[in-house]
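2 protein chains.
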Amino acid sequence: MTVAAAGTELATRAALMAAGERLFAEHGLGAVSNRQIAEAAGRRNVTAVSYHFGGRTGLLRAIMTEHGERVDRIRERHVRAVGDSSALRDWVGCLVRPVPEHLAELGSPSWNARFSVQVMADPALRSLVTEEALSRPWLRRVLDGLHHCLAELPADVRQVRGGMGRHLITQICAERERALAEGGSDRHGSWERTADALTDAITGLLTAPVTPRA
Amino acid sequence: MTVAAAGTELATRAALMAAGERLFAEHGLGAVSNRQIAEAAGRRNVTAVSYHFGGRTGLLRAIMTEHGERVDRIRERHVRAVGDSSALRDWVGCLVRPVPEHLAELGSPSWNARFSVQVMADPALRSLVTEEALSRPWLRRVLDGLHHCLAELPADVRQVRGGMGRHLITQICAERERALAEGGSDRHGSWERTADALTDAITGLLTAPVTPRA
DNA sequence: TTTTAATTCAGTTGATTGACTTAATGTGGC
DNA sequence: GCCACATTAAGTCAATCAACTGAATTAAAA
Chain A
1 MTVAAAGTEL ATRAALMAAG ERLFAEHGLG AVSNRQIAEA AGRRNVTAVS YHFGGRTGLL
61 RAIMTEHGER VDRIRERHVR AVGDSSALRD WVGCLVRPVP EHLAELGSPS WNARFSVQVM
121 ADPALRSLVT EEALSRPWLR RVLDGLHHCL AELPADVRQV RGGMGRHLIT QICAERERAL
181 AEGGSDRHGS WERTADALTD AITGLLTAPV TPRA
Chain B
215 MTVAAAGTEL ATRAALMAAG ERLFAEHGLG AVSNRQIAEA AGRRNVTAVS YHFGGRTGLL
275 RAIMTEHGER VDRIRERHVR AVGDSSALRD WVGCLVRPVP EHLAELGSPS WNARFSVQVM
335 ADPALRSLVT EEALSRPWLR RVLDGLHHCL AELPADVRQV RGGMGRHLIT QICAERERAL
395 AEGGSDRHGS WERTADALTD AITGLLTAPV TPRA
């Protein structure tokens, strides 16, 4: 691959990824064909997705990886900032904040949060998401920190509540993204307030008293 | 429509609804055609969905309505039991418990929780779900009760946290349903424990302290 | 300039889709 | 026995899809 050729290739790849992300977020995975993505990306070659990504799954994976890496880089900063804190809220912040901060960086309208919801909802692609997420080292570090703070919580409860936190981050960010895209209301501070709201809620959720089993 | 004809029609309608619910839950809305539903329902008439429900949306609506009514009937019992309690946890219970109880009644494997996630995830059908949900009188009654208990919470926070509760119920029940269908582990008590876990978590989430805006 | 490889593109194939049409089936009412 | 009607079946239709083919285009390298 030559340098300039790489340049054009990357331009097309990026255009396909952006178009795919947007269309998937707007209409759902099942309602968008590879043709529509290529056309929305301004290519008259309907096989562009197949050529550049080997197929639909390759495109999805590329989109997820790009955002996943950027989010993990933000998360690294947060982890370094909290050091070895043993305050639960610090670690919840490390879990939550990178996501809305990333979305704020993307500007408005962003599509990534809604895209993620679509991929998560697809029974065949579900595993792809968790696999991709758990490959991020700084996320794993945060999960360790949380685990440490919640040592006294029964293992099964900790497990379930962790899943709740994951769902909350994904879904609430998608909802806010949707609201921002539609209403276009106060963009400044919106993501910060979302981060606060999620941190509050997830901290409360994790520390809630456990009803003893009957 | 004659009586016996109605009998056969209902059998086919029910078969189509069951098959559709299962296929949608397993593979996602976009991956299942009306033909496949008819075939899975044991009909060689590929236009059965169109004939009985007027189309895909009609089938989805019928499935949602059926379960929605049954859940609301369970919720009625819970509301009558708590009376005019002012304890938050009672009202959270009224919100949460009807769903896992309904799923427990359906037996294993059930598909409704995963089906609901699929419909909720579809950008075009989202409104259909909330519209259907808010048409249930006992759900509205519960929302009033919750609102009353959370009067001191800022309106926007109450709004967002209510959405969090909704997502949690939907997503966690779907996850448990999936686990039950795959692992088939201890079915007895599983839904009860899910109800407890959700009630604990949502109560904690709703009562968490609110970070003041900067 | 010529070569070379990456990329784009138009066109084809075979399968699948939802919507539609028409005929066959079966059932209750007369 | 016969009719009217709801239901099922079977076949057709145009549209759309992903995958593939081979030619045209592009631009760097020789």
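Top line first, the protein sequences correspond to chains A and B. The numbering used here puts the first residue of the first sequence at 1, with every later residue one more than the last. The numbering used here puts the first residue of the second sequence at 215, with every later residue one more than the last. Beta carbons are placed, not taken as given, at the ideal position from N, Cα and C, and that holds for glycine.
Contact with chain A by residue i, beta-carbon distance below 8 Å
i: valine 263 of chain B; result: no
i: glutamine 373 of chain B; result: no
i: asparagine 248 of chain B; result: no
i: serine 304 of chain B; result: Before going on, a small fix: residue 304 of chain B reads as aspartate here, not serine. No - not a single Cβ of chain A is within 8 Å of the one on aspartate 304 of chain B.
i: glutamate 315 of chain B; result: no
i: threonine 344 of chain B; result: no
i: isoleucine 386 of chain B; result: yes
i: leucine 237 of chain B; result: no
i: threonine 271 of chain B; result: no
i: leucine 419 of chain B; result: yes
i: leucine 230 of chain B; result: no
i: alanine 415 of chain B; result: yes
i: arginine 427 of chain B; result: yes
Rounded C-alpha distance that separates residue i from residue j
i: isoleucine 74 of chain A; j: alanine 409 of chain B; result: 35 Å
i: histidine 241 of chain B; j: leucine 29 of chain A; result: 12 Å
i: serine 135 of chain A; j: methionine 164 of chain A; result: 20 Å
i: glutamate 66 of chain A; j: histidine 281 of chain B; result: 40 Å
i: glutamine 332 of chain B; j: serine 264 of chain B; result: 21 Å
i: glutamate 76 of chain A; j: leucine 146 of chain A; result: 15 Å
i: arginine 372 of chain B; j: asparagine 259 of chain B; result: 49 Å
i: alanine 335 of chain B; j: histidine 167 of chain A; result: 13 Å
i: phenylalanine 115 of chain A; j: aspartate 298 of chain B; result: 42 Å
i: alanine 301 of chain B; j: aspartate 358 of chain B; result: 13 Å
i: threonine 57 of chain A; j: arginine 97 of chain A; result: 28 Å
i: arginine 126 of chain A; j: alanine 245 of chain B; result: 15 Å
i: glycine 268 of chain B; j: valine 129 of chain A; result: 36 Å
i: glutamate 366 of chain B; j: arginine 257 of chain B; result: 56 Å
i: histidine 52 of chain A; j: asparagine 34 of chain A; result: 12 Å
i: alanine 422 of chain B; j: cysteine 149 of chain A; result: 18 Å
i: arginine 236 of chain B; j: leucine 23 of chain A; result: 27 Å
i: alanine 228 of chain B; j: glutamine 250 of chain B; result: 15 Å
i: glycine 397 of chain B; j: glycine 183 of chain A; result: 43 Å
i: alanine 18 of chain A; j: alanine 232 of chain B; result: 38 Å
i: alanine 179 of chain A; j: alanine 393 of chain B; result: 32 Å
Nearest-angstrom Cβ-Cβ length linking residue i and residue j, presumed shorter than 8 Å
i: glycine 321 of chain B; j: isoleucine 277 of chain B; result: So it is not a contact: roughly 17 Å between Cβ atoms.
i: threonine 203 of chain A; j: valine 92 of chain A; result: 5 Å
i: alanine 48 of chain A; j: alanine 40 of chain A; result: Incorrect: roughly 11 Å between the Cβ atoms, too far for contact.
i: alanine 415 of chain B; j: arginine 89 of chain A; result: Not a contact, Cβ separation roughly 17 Å.
i: alanine 395 of chain B; j: proline 337 of chain B; result: In fact, because the Cβ distance is near 26 Å, the residues do not count as touching under 8 Å.
i: arginine 141 of chain A; j: valine 79 of chain A; result: 6 Å
i: leucine 205 of chain A; j: leucine 230 of chain B; result: 39 Å between Cβ atoms; not a contact.
is_contact[residue i, chain B] using C-beta, thresh 8 Å
i: alanine 151 of chain A; result: no
i: methionine 164 of chain A; result: yes
i: histidine 148 of chain A; result: no
i: alanine 179 of chain A; result: no
i: alanine 133 of chain A; result: no
i: histidine 216 of chain A; result: Since the first residue shown for chain A is 1 and the last is 214, residue 216 of chain A is missing from the structure and cannot be characterised.
i: proline 109 of chain A; result: no
i: valine 142 of chain A; result: no
i: glycine 30 of chain A; result: yes
i: leucine 60 of chain A; result: no
i: alanine 197 of chain A; result: yes
Given residue i as reference, the closest of the options once Cα atoms are compared
i: serine 404 of chain B; options: B/Glu315, B/Arg227, B/Leu230 and B/Leu274; result: B/Glu315
i: tryptophan 352 of chain B; options: B/Gln250, B/Ala295 and B/Glu406; result: B/Ala295
i: alanine 428 of chain B; options: A/Ala208, A/Asp200 and A/Arg193; result: A/Arg193
i: threonine 12 of chain A; options: A/Ala38, A/Leu153 and A/Asn34; result: A/Ala38
i: glutamate 283 of chain B; options: B/Arg236, B/Ala388, B/Glu346 and B/Ala415; result: B/Glu346
i: glutamate 105 of chain A; options: A/Ala87, A/Val129, A/Ala197 and A/Glu177; result: A/Glu177
i: isoleucine 386 of chain B; options: B/Cys363, B/Leu364, B/Val293 and B/Leu317; result: B/Leu317
i: aspartate 72 of chain A; options: A/Cys94, A/Leu59, A/Phe24 and A/Gly54; result: A/Cys94
i: alanine 411 of chain B; options: A/Ala197, A/Ala174 and A/Pro154; result: A/Pro154
i: threonine 211 of chain A; options: A/Gly183, A/Asp156, A/Ala174 and A/Ala179; result: A/Asp156
i: asparagine 326 of chain B; options: B/Gly397, B/Leu274 and B/Leu419; result: B/Leu274
i: glutamate 175 of chain A; options: A/Ala14, A/Arg43, A/Ala25 and A/Ala18; result: A/Ala25
i: valine 313 of chain B; options: B/Pro423, B/Thr413, B/Thr421 and B/Ala422; result: B/Thr413
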